[in-house]
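**Q** I have a structure here, written as structure tokens, and I will follow up with some questions on it.
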Amino acid sequence: MKEDDIVFLKQLVESLNEAESKLREAYYKKDSEEFNKIKKFMLQINRRMSDAIK
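Following my numbering, the numbering of the sequence shown begins with 253 at its first residue and continues without gaps.
Printed below as a string of structure tokens:
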């Protein structure tokens with residue numbers, strides 16, 4: 253794996269961690285619209301990570 257790929261994956265992991273905090277916040281606020289928006293974003297990050305690993 254190239255160094256650029258590793259840096260990219262690290263950025264994705266950081267984004268995923270931030271999104272997880274926001275997802276939890278939306279859950280506790282019972283903000284279903286924001287929760288679903290963040291969930292979709294997290295799934296997109298997951299797909300990007302999978303693609304980068306392939």
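For glycine and all other residues, C-beta sits at the position ideal for the given N, C-alpha and C.
Which class does D303 belong to by DSSP, given the choice of helix, strand or coil?
**A** If you number the sequence shown from 1, residue 303 lands on position 51. Helix.
**Q** Buried or exposed: which applies to L275, given that a residue is buried once 16 or more other Cβ atoms fall within 10 Å of its Cβ?
**A** The residue labelled residue 275 in the question sits at position 23 within the sequence shown. With 16 or more other Cβ atoms within 10 Å, it is buried.
**Q** For I258, count neighbouring C-beta atoms within 10 Å of its own C-beta (all shown protein chains included) and say buried if the count is 16 or more, exposed if not.
**A** Taking the sequence shown and counting its residues from 1, the one referred to as residue 258 is at position 6. So I258 counts as exposed.
**Q** Applying the criterion that 16 or more other CB atoms from any shown protein chain within 10 Å of the CB defines a buried residue, is I290 buried or exposed?
**A** The sequence position of residue 290 within the sequence shown is 38, counting from 1. It counts as buried.
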